[in-house]
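Notes follow the structure.
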Amino acid sequence: MSWLDSTVHRAMIEAALVGVLGGVVGVFVIARRLPFFTMALTHGTFPGIVIAALLGVDLYLGGGVFGLLVVLAVVVFSRARGQDFTAATGIALSGGFALGVVLVSAQDGFSKDLTAYTVGDVLAVSTTDLVITAGVAVVVLVVMAALGKELLLVAFDRDGASAVGLPTAVLDFALLAIIEVTVVATVPALGAILTVALLVGPAATARLITDRLVLLFPIAVAVGVSCALAGVWVSTQWNVAAGASIALFCGAAFGVAFLASVLRGRLRPAAGVLAPPAAVPEEARA
């Protein structure tokens, strides 16, 4: 019997894939201080889910497409005079969630079960889901490898990036789109509500362990994969929700790293490797 024929084995592979995605992308989320955007994005994709349910197409496809539109709106709004990135995120993503609620309320007898999207179920992933997640992981990692230096330069020195001619708005959109695609790819395992745990927890834990940027990525990936696999194992042993278990392990890992940092006296008022709020475009800060 093939490994892919086993529910648990498929869940383990899916967990490892989303752990890698969460670890790598999470470093950029932390560096650009985008946890709020990541959390809000899960709500902003809701209209796409509703529209997909009404049209009878794949829910994740609907959420992904609408999420990209929301990302574009955030980038455009944040570059308007007198607006900043956080305000643009709140406006675009709360507006998106409101649109989803309106669409649901306008449909008499709307009964599509959206539980799978909101809370996830890694033990229910299919071979097709694995292929899609693996494909997303490959694309995201390739893009990160190609644009990683530029994305980090924008994060740590936006003025310098602009001075050397980097298209900061395009790079903003690319990073936010990568986060959005990663959120959608992680949803089958953790659901839209808990996905943020895997995109923030491992990277935040790695940040407490090391100041060296080159080590942040492997440590974040190791933490992400370990928490994801541990969550699946606990779920199969004690019949509890896998997504919630993964999120709890991410929180526990951060808690342990935080306590260790306190005991070693490593906590500082300002984190050296983290950028200033560079996600805010220059026009918005003018």
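Numbering-wise, this note's numbering comes out as the position in the sequence shown, counting from 1, plus 976.
Cβ atoms here follow ideal geometry from the backbone N, Cα and C, with glycine treated the same way.
Shown here, G1136 sits in a helix according to DSSP, grouped into three states. Distance from the CA atom of V1047 to the CA atom of L1152, rounded to whole angstroms, is 6 Å. Boundaries of the alpha helix (DSSP H) around A1063: F1061 to A1082.
Here S1070 is exposed. Its C-beta has fewer than 16 other C-beta atoms within 10 Å. Shown here for A1206: same chain residues with a beta carbon closer than 7 Å to its own, the five before and five after excluded, namely F1225 in chain order.
Straight through space, the alpha carbons of S982 and V1210 are spaced by roughly 17 Å.
With fewer than 16 other Cβ atoms from the protein chains shown falling within 10 Å of its own Cβ, G1241 counts as exposed. Nearest to G1043 by C-alpha distance, out of V1157, L1191 and T1104, is V1157.
When secondary structure is reduced to three states using DSSP, V1216 falls in the coil class, being assigned neither helix nor strand.
For A1179 and T1109, the gap between their C-alpha atoms comes out near 20 Å. The three-state secondary structure of G1038, taken from DSSP, is helix. Closest by C-alpha distance to G998, out of T1021, L1117 and F1022, is L1117. In the three-state DSSP reduction, G1096 falls in the coil class, being neither helix nor strand. Between the alpha carbons of Y1036 and P1143 lies a gap of roughly 30 Å. V1163 places its beta carbon less than 8 Å from that of G1096.
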